[in-house]
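A.B. asks: The following block contains the structure, expressed as structure tokens.
Written out as structure tokens, the structure reads:
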């Protein structure tokens, strides 16, 4: 394993310190916690997210005005504990309640639900939006149902915009569930990630092999195959995504998300193929985003997310300015 | 070679198309060219940059209000041709001349100088700022003198701010030369990049080996050694950078730049070590930036850039808002 780290057992502490000291104008660490919070406080519903580390810039990179109030970091690929999540909730609450945006993994769901109970015992109203946008497989290594992946970033953005405009907790919960239903993601991996504490890749693909539908913790996908041209990958992923909608969307947003080890060059070539194919499908793309947003440490590969933008206000919400490290 | 591409000979065309179609609200392609220009035109000195591709998001990601007027893309690791640079100059000129920001590689210098001559024959005043921030080695595979690397992004930013505030061509040229003199970079590589047309890594490091001072095209550095903890790498790179200043700076900006294949987790751990060591040196850091800005395709490694911020207006210029894809 070749990584620029010190002791593997200290990576979360050091990374967290690196983030807050690099962007002191935007975020800070809540004392004695693994919570990164924004510096400003606004009278609005608090939005928090989090999960295992290793998906940087998610979620700390999306803390700031117009997106998340705070993010809570677990160990690598491991849910944060309920007490840490509760600290994030307490920090985010401005008297109007807190919405928890949680990727659908069994450990995360359990811990965020426990934190919700703790918060409610302390008089803070909370709701949970569970993101399960990965359409590759039903149930997985760490998940009942579908996994939550890169589409979570779009959920952060639209909810962040709505919360900033004064939406209340019940409205945000209902909106969040609708955004999740409209958001579908599927990925492809060329090479597995190496968790620092483990020291070797989580799975092995041969020199010419790729895997469709791999999860962001290296969970198995649905097919291994010989590496194909970008155009053919785009064709397969698009057809899977469109088939997952009950009704074929007319207008969508597209997110191409790099997994951490895939350069922008490939991501831009891939989205070029995606956009050309969507033109042929007569689907209008009114929002685009390309880059590393929900990574799997150093995995090589990418994911493709569609969001149905039938509700035009979502397009506007996706495009509004924010003050975060990484949006 | 495992890459998400189609035919290697089409990657520039397809990447360029992917960039402009993903960010149509910010940039467009100048017809029949390899020039990406911003959509707005302002009455100011034009700023252009460019060079070989493979360093994404540089330079197209820095085109927009407050930074570059246009970027011109060469083949992978190959200078753009003078006629293409001349198209960028013509496009960027608003009657007040155009400043060319060029990384110090022999091919780039030659071609940008020829384009400058062409532009002047067409009545456009031009100046060139040559960036040679890489202090690792004197002269290199493609360079006489020092190489131009990630510090170029900071030059774009401060000059972009000054041009937007109405600085004239002579002022920008003089300012640019001063910024370059204040900007020093040094890098370390864990694994070489693979150029798609070549199909294999540009050099080989053994399983535990790193190379100090590698260039962004895989040019040789100054020492190979066993992989060290992040803290020790930080110590070495800082001491080299500080030694390159005639006078030890009191206040600096710090850029940690990922080379394309190194995850943010490692970059944040590394900057955490850098910032702790600089505190011990009693050097104040008033600007920070972490991420993939000047990459070498999928190289694993990073570079560290310092900019002396004795002139406080530069700190302000680095922090002003811009409308670009990637700053």
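Protein chains in written order, with the numbering used here: chain A, 20 to 346; chain B, 20 to 346. Don't be surprised by glycine CBs; every beta carbon is placed ideally from N, CA and C.
1) Residue 219 (chain A) to residue 210 (chain A), Cα distance in whole Å?
2) Please specify which runs of the alpha helix (DSSP H), each continuous and at least 4 residues long, are wholly inside the segment 312-337 of chain A, giving them in chain order.
3) Cβ atoms of residue 325 (chain B) and residue 271 (chain B): under 7 Å apart, would you say?
4) Taking 8 Å as the cut-off, does the segment 251-266 of chain A touch the segment 166-174 of chain A (at least 3 CB pairs, one atom from each stretch)?
5) Taking the Cβ atom as the reference point for each residue, do residue 292 (chain A) and residue 262 (chain A) lie within a distance shorter than 7 Å?
6) What number of angstroms, rounded off, separates the C-alpha of residue 155 (chain A) from the C-alpha of residue 235 (chain A)?
7) Could you tell me which whole beta strand (DSSP E) segments of length 3 or greater appear in the segment 248-306 of chain A?
8) Under the rule that 16 or more other beta-carbon atoms within 10 Å means buried, what is residue 57 (chain B), buried or exposed?
9) Under three-state DSSP, which class holds residue 219 (chain A)?
10) For the beta strand (DSSP E) containing residue 47 (chain B), name the first residue and the last one.
11) DSSP on residue 95 (chain B), reduced to helix/strand/coil?
12) Quick one: complete beta strand (DSSP E) runs, 3+ long, within the segment 105-185 of chain A?
13) Would you report the Cα separation of residue 160 (chain A) and residue 239 (chain A), rounded to the nearest angstrom?
14) When you check each C-beta in the segment 271-283 of chain B against every C-beta of chain A, which residues fall closer than 9 Å?
15) Since residue 16 (chain B) and residue 308 (chain B) are thought to touch, with beta carbons under 8 Å apart, how far apart are those beta carbons, to the nearest angstrom?
16) If I measure Cβ to Cβ from residue 73 (chain A) and keep anything under 6 Å in the same chain, skipping five residues before and after, which residues do I get?
17) When the Cα of residue 111 (chain A) is compared with those of A:301, A:91, A:313, A:70, which residue comes out closest?
18) At 9 Å on the CB atoms, spell out the chain B contacts of residue 317 (chain A), in chain order.
19) Going by C-alpha to C-alpha distance, which of A:68, A:53, A:69, A:48 sits closest to residue 59 (chain A)?
20) By how many angstroms is the C-alpha of residue 158 (chain A) removed from the C-alpha of residue 237 (chain A)?
21) Going by CA-CA distance only, name the one from B:42, B:146, B:121, B:198 that's closest to residue 327 (chain B).
22) Closest by CA to residue 228 (chain A), which one among A:115, A:214, A:243?
23) Reducing DSSP to helix, strand and coil, say where residue 234 (chain B) ends up.
24) Just verifying my parser: in three-state terms, what is the DSSP assignment at residue 228 (chain A)?
25) Does DSSP classify residue 68 (chain B) as helix, strand or coil?
26) For residue 140 (chain A), go through chain B and note every residue whose CB falls closer than 7 Å to its CB, in chain order.
27) Does DSSP classify residue 244 (chain A) as helix, strand or coil?
28) Checking 7 Å against the spacing of the C-beta atoms, do residue 114 (chain B) and residue 64 (chain B) come in under that value?
29) Alpha carbon to alpha carbon, how far is residue 342 (chain B) from residue 306 (chain A)? Give it in angstroms, no decimals.
30) Please report how far the alpha carbon of residue 104 (chain B) lies from the alpha carbon of residue 45 (chain A), in whole angstroms.
31) With DSSP run on the structure shown, which of helix, strand or coil describes residue 205 (chain A)?
32) Taking any Cβ of chain A, which residues in the segment 24-35 of chain B have a Cβ under 7 Å from it, in chain order?
33) Below 8 Å, how does it come out for the segment 22-34 of chain A and the segment 80-89 of chain A: are there three or more Cβ pairs, yes or no?
34) Note down, in chain order, all residues in the segment 120-145 of chain A with a beta-carbon under 8 Å from any beta-carbon belonging to chain B.
35) Excluding the 5 residues preceding and the 5 following residue 144 (chain B) in the sequence, name in chain order all residues of the same chain whose CB lies nearer than 7 Å to its CB.
36) For residue 151 (chain A), does the count of other Cβ atoms within 10 angstroms reach 16, so buried, or fall short, so exposed?
C.D. replies: Let's see:
1) Walking along the first chain from the start, residue 219 (chain A) turns up at place 200. Walking along the first chain from the start, residue 210 (chain A) turns up at place 191. Each residue's Cα considered, the two are about 12 Å apart.
2) none
3) By one-based count along the second chain, residue 271 (chain B) stands at place 252. By one-based count along the second chain, residue 325 (chain B) stands at place 306. Yes, the Cβ-Cβ distance between residue 271 (chain B) and residue 325 (chain B) is below 7 Å.
4) no
5) Along the first chain, one-based indexing puts residue 292 (chain A) at 273. Along the first chain, one-based indexing puts residue 262 (chain A) at 243. Not in contact: residue 292 (chain A) and residue 262 (chain A) (Cβ atoms no closer than 7 Å).
6) One-based indexing of the first chain puts residue 155 (chain A) at position 136. One-based indexing of the first chain puts residue 235 (chain A) at position 216. Roughly 12 Å separates the two Cα atoms.
7) 270-277
8) Residue 57 (chain B) sits at position 38 when you count from the first residue of the second chain. Buried, since its Cβ has 16 or more Cβ neighbours within 10 Å.
9) Here residue 219 (chain A) refers to the residue found at position 200 when the first chain is read from its first residue. Three-state DSSP puts residue 219 (chain A) in coil, outside helix and strand.
10) As a working note, residue 47 (chain B) is residue 28 in the second chain. It spans 46-48 - the beta strand (DSSP E) in which residue 47 (chain B) sits, taken as one unbroken run.
11) Taking the first residue of the second chain as position 1, residue 95 (chain B) is located at position 76. Looking at residue 95 (chain B) - three-state DSSP - the assignment turns out to be strand.
12) 117-122, 145-150
13) Start at 1 with the first residue of the first chain, and residue 160 (chain A) comes out as number 141. Start at 1 with the first residue of the first chain, and residue 239 (chain A) comes out as number 220. Whole-angstrom Cα-Cα distance: 8 Å.
14) 273, 275, 279, 280, 281, 282, 283
15) Because chain B is modelled from 20 through 346, residue 16 (chain B) falls outside the range shown and cannot be assessed.
16) Translated into the one-based positions of the first chain, residue 73 (chain A) becomes position 54. If we look at residue 73 (chain A) and ignore the five residues flanking it on each side, its Cβ neighbours are 95, 96, 316.
17) Stepping through the first chain from its first residue, residue 111 (chain A) is reached at position 92. Out of A:301, A:91, A:313, A:70, A:91 has the C-alpha closest to the C-alpha of residue 111 (chain A).
18) Reading the first chain from its first residue, position 298 is the one you call residue 317 (chain A). Under the 9 Å cutoff, chain B gives 280, 281, 282, 284, 285, 319.
19) For the purposes of this step, residue 59 (chain A) is identified with residue 40 of the first chain, where counting begins at 1. Ranking the options by Cα distance to residue 59 (chain A), first place goes to A:48.
20) Here the question's residue 237 (chain A) lines up with position 218 in the first chain. Here the question's residue 158 (chain A) lines up with position 139 in the first chain. Cα to Cα, the separation comes out at about 14 Å.
21) As a first step, residue 327 (chain B) must be located in the second chain, where it is residue number 308. Ranking B:42, B:146, B:121, B:198 by Cα distance to residue 327 (chain B) puts B:198 first.
22) Taking the first residue of the first chain as 1, we reach residue 228 (chain A) at position 209. For the residues A:115, A:214, A:243, the minimum Cα distance to residue 228 (chain A) belongs to A:243.
23) Counting from 1 along the second chain, the entry for residue 234 (chain B) is found at position 215. In this structure, residue 234 (chain B) counts as coil in the three-state DSSP scheme.
24) Locating residue 228 (chain A) in the first chain gives position 209, where the first residue counts as 1. Strand.
25) Position 49 of the second chain, counted from the start, is the residue given in the question as residue 68 (chain B). Of the three classes helix, strand and coil, the one that applies to residue 68 (chain B) here is strand, per DSSP.
26) Within the first chain, numbered from 1, the residue matching residue 140 (chain A) stands at position 121. Those within 7 Å of residue 140 (chain A) in chain B number zero; the least Cβ separation is about 35 Å.
27) Here residue 244 (chain A) is taken as the residue at index 225 of the first chain, counted from 1. In this structure, residue 244 (chain A) counts as strand in the three-state DSSP scheme.
28) By one-based count along the second chain, residue 114 (chain B) stands at place 95. By one-based count along the second chain, residue 64 (chain B) stands at place 45. Cβ distance not < 7 Å, so residue 114 (chain B) and residue 64 (chain B) don't count as in contact.
29) Taking the first chain and counting its residues from 1, the one referred to as residue 306 (chain A) is at position 287. Taking the second chain and counting its residues from 1, the one referred to as residue 342 (chain B) is at position 323. If you take the alpha carbons of residue 306 (chain A) and residue 342 (chain B), they lie about 16 Å apart.
30) As a working mapping, residue 104 (chain B) is identified with position 85 in the second chain. As a working mapping, residue 45 (chain A) is identified with position 26 in the first chain. Between residue 104 (chain B) and residue 45 (chain A), the C-alpha separation is close to 38 Å.
31) Locating residue 205 (chain A) in the first chain gives position 186, counting from the first residue. Residue 205 (chain A): strand per DSSP, three-state reduction.
32) 24, 25, 30, 33, 34
33) no
34) none
35) The residue you call residue 144 (chain B) lines up with position 125 of the second chain. Excluding residues within five positions, the ones whose Cβ falls inside 7 Å are 116, 188.
36) The sequence position of residue 151 (chain A) within the first chain is 132, counting from 1. By the neighbour-count rule (16 or more Cβ atoms within 10 Å), residue 151 (chain A) is buried.
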